[in-house]
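Here's the structure, in structure tokens; my notes come after.
2 protein chains.
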Amino acid sequence: MWDKWISQIQQGDVRALARAISLAENDSTGLLETLAQVAIPAKPVIGITGPPGAGKSTLTDALIGALIAEGKSVAVLCVDPSSPFHQGAVLGDRIRMSEWYTHPNVYIRSLATRGALGGLHPRILEITDLVKCFPADCILVETVGVGQSEVEVAGLADRTVVVLVPEAGDEIQTMKAGLLEIADLFVVNKSDRPDAARFQSHLERMVREDRTDGITIPIISTVATEKKGIEEVVTTLKELLRSPGQQEREDLLMMEKAKHLLREHWLRKLDAGKMKASLREAMQSENFNLYAWVSRYAD
Amino acid sequence: MWDKWISQIQQGDVRALARAISLAENDSTGLLETLAQVAIPAKPVIGITGPPGAGKSTLTDALIGALIAEGKSVAVLCVDPSSPFHQGAVLGDRIRMSEWYTHPNVYIRSLATRGALGGLHPRILEITDLVKCFPADCILVETVGVGQSEVEVAGLADRTVVVLVPEAGDEIQTMKAGLLEIADLFVVNKSDRPDAARFQSHLERMVREDRTDGITIPIISTVATEKKGIEEVVTTLKELLRSPGQQEREDLLMMEKAKHLLREHWLRKLDAGKMKASLREAMQSENFNLYAWVSRYAD
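Keeping their order, the protein sequence lines are chains A and B. Just so you know, we're using the working numbering here: the first sequence kicks off at 1 and counts up by one. Just so you know, we're using the working numbering here: the second sequence kicks off at 300 and counts up by one.
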């Protein structure tokens, strides 16, 4: 079943891709085994992350336009909060991106975040590898930049764009701290806001002070709704993709990916029913200890 | 080493607890094995979570005061973002809680969030179990309510208080959606703000509509800085702790805890150096496939 889908995906069958992603989202068996047998093409994956309301979707939309204009094809994964309460917000993004929903060179897919309050879908890594098999030139992954570890986001994407807006406020500060470490490129969106200049110089200072590895992260001002600054973002991204990554960081990310997949592999070998029964039985005991149960059960 | 510390912790030695937590934060070996051999006392763990700026620390501070006034002893874990940029914020919380830092019946400890942009420390579960060995009557765990899965927060605490502030804005909405599912009690803090009444009725409607299990989550208005409503929060929490939890949910949480510890157990058995060497060698190959490597390496 998966084999057939993969070959359909490789031929550009959008419906096969959609179905495969849905199954991957729902933990269907066979995916990991299939991916182990497929030559997954190397292609640029660009992560677009930042706090809610920063304008990630608008920037993504503008990036799609710029790539399409160059004759490229693009696949886009949007990771949205999962609650039914959010249907409105998801729809909002979809409407804003609707210009591209029907374009033959664009594939857009929203993923739910399973149980998490933002951040990445637990299978985003595998799903991105599925999408790599689809004949698109480039993959954009848009995620809410809260809650995931930098390794999760940065490990997924070849290059990560962090979108911020000129704002003070504790919330943005909290997010920025972590986002600082994963950014290959900062976009200060809504840069026509009153406080923009001060925000940008603050960010520049933070970037200089925080990175001890001597790398200067570029900062680009945009007004994505008016497509201002988008061209510079595209040009800079292309330069970033051409320049080699740091070996040390890439080794670390490959190790983290491998650990993630090892954990998946082990968990899949667990028999949940058997595990539950054993756990329940152990919990009957007067001196039940979960740590002791785990070390017994794992061996 | 751990054995000695555990017995010191059981005797109320604050320095032993501090040292043990630091080691647990830094992945010291021996912790899981030690916890497997200790009788971990059952005691109430109350999670206090919500978006940044909602006033979690102020509420925690007020809760400490109320518990102390009843002659109880309290241990508090604060999970703060890890970036050096945040020293200010962490200090801010500490200053606000300084009244209790020197009180003999209060133990307060800040944990860094390792690499995550908020949310929980990856070893929070084990650290909380360590703190349970300390002779405090009750444990409060204060976390930024973004990014962690509901199972992570709810699985940690016996009861979870979600602190919100009357505000509109996309960001709060995004967080609320996930927080709705984990709350045992809502606190609407800063309820003297202009929009408070509208916010509260909006929240009441959401709570009614979203929970299909027929459980009505209590909503309490507070002005924590003036200690208004705190008494009601304490009373309600006590009632909640007395009432039995839902079996189904508790089974689910125990399974999730067990899975988390199983993963830890497996990862610890990995030889990182050997893994890295194997991965590096495999990556030299023309047709390197990470999934194939993982399934070979895991078996």
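For each residue, glycine too, the CB sits at the ideal point set by N, CA and C.
Contacts with chain A at 7 angstroms (Cβ-Cβ) include B/Leu-578.
With respect to the C-alpha of B/Glu-555, the residue from A/Lys-259, A/Val-294, A/Met-254 having the closest C-alpha is A/Val-294.
Counting only residues of its own chain and dropping the five nearest sequence neighbours on each side, A/Phe-288 has a CB closer than 6 angstroms to the CB of Ala-282. With a cut-off of 8 angstroms on Cβ pairs, the stretch 523-542 of chain B is in contact with the stretch 352-367 of chain B, counting three or more such pairs. For A/Gly-47, no alpha helix (DSSP H) encloses it; the enclosing beta strand (DSSP E) starts and ends at 45-50. In this structure, the CA atom of B/Lys-355 is about 51 angstroms from the CA atom of A/Gln-8.
For the stretch 233-255 of chain A, residues whose beta-carbon sits nearer than 9 angstroms to a beta-carbon of chain B comprise Asp-251, Met-254, Met-255. For A/Leu-164, the three-state secondary structure derived from DSSP is strand. Along the stretch 185-198 of chain A, none of the residues has a CB nearer than 9 angstroms to a CB of chain B. When C-beta atoms of the stretch 336-348 of chain B are compared with those of the stretch 427-444 of chain B, three or more pairs fall below 8 angstroms, so the two segments count as touching. Annotation: the continuous alpha helix (DSSP H) that includes B/Leu-536 extends over 529-541. The alpha-carbon separation between B/Gly-528 and B/Ile-519 amounts to approximately 7 angstroms. Annotated three-state conformation of A/Thr-58 is helix, per DSSP. Annotation: the continuous beta strand (DSSP E) that includes A/Leu-185 extends over 185-188.
Between the stretch 125-133 of chain A and the stretch 19-33 of chain A, the count of Cβ pairs shorter than 8 angstroms is three or higher; the stretches touch. Ranked by how close their Cα comes to the Cα of B/Glu-369, the residues B/Pro-543, B/Tyr-400, B/Ala-353, B/Val-405 have B/Val-405 in first place. In this structure, B/Gln-336 is the residue among B/Asp-326, B/Ser-577, B/Gln-336 with its C-alpha nearest to the C-alpha of B/Lys-303.
The Cβ-Cβ distance between A/Gly-50 and A/Val-162 falls below 7 angstroms.
The C-beta of B/His-564 comes closer than 7 angstroms to at least one C-beta of chain A. Taking the beta carbon of A/Val-162 as reference, no residue of chain B falls within 9 angstroms; the closest one sits roughly 11 angstroms away. Relative to A/Leu-241, the option among A/Glu-264, A/Glu-204, A/Thr-160 whose CA is nearest is A/Thr-160. Listed along the chain, the chain B residues whose CB falls inside 7 angstroms of the CB of A/Tyr-291 are Leu-331, Leu-334, Ala-335, Leu-560.
The three-state reading of DSSP puts A/Glu-286 in coil, since its state is none of H, G, I, E or B. Put simply, the CB of B/Ser-594 is near chain A, with a gap under 7 angstroms to one of its CB atoms.
Those residues of the stretch 517-530 of chain B placed with their C-beta closer than 9 angstroms to a C-beta in chain A do not exist. Annotation for A/Arg-296: no residue places its beta carbon closer than 7 angstroms to its own, counting only its chain and skipping 5 residues before and after. As the crow flies, the alpha-carbon of B/Gln-546 is around 17 angstroms from that of A/Ser-285.
Under the three-state reduction of DSSP output, A/Arg-109 falls in the strand class. Between B/Ala-482 and B/Ile-516, the gap from beta carbon to beta carbon is short of 7 angstroms. Taking a C-beta distance under 7 angstroms as the contact criterion, B/Ile-367 and B/Glu-441 do not qualify as a contact pair.
Interface annotation, B/Ala-557: in contact with chain A, CB-CB separation under 7 angstroms. A/Leu-130 places its beta carbon less than 7 angstroms from that of A/Ala-20. In this structure, the straight-line span from the alpha carbon of B/Glu-549 to that of A/Gly-273 is close to 16 angstroms. Taken through DSSP and simplified to helix, strand or coil, B/Ser-520 comes out as strand. The contact set of B/Lys-575 on chain A, defined by CB atoms closer than 8 angstroms, consists of Asp-251, Met-255 in chain order.
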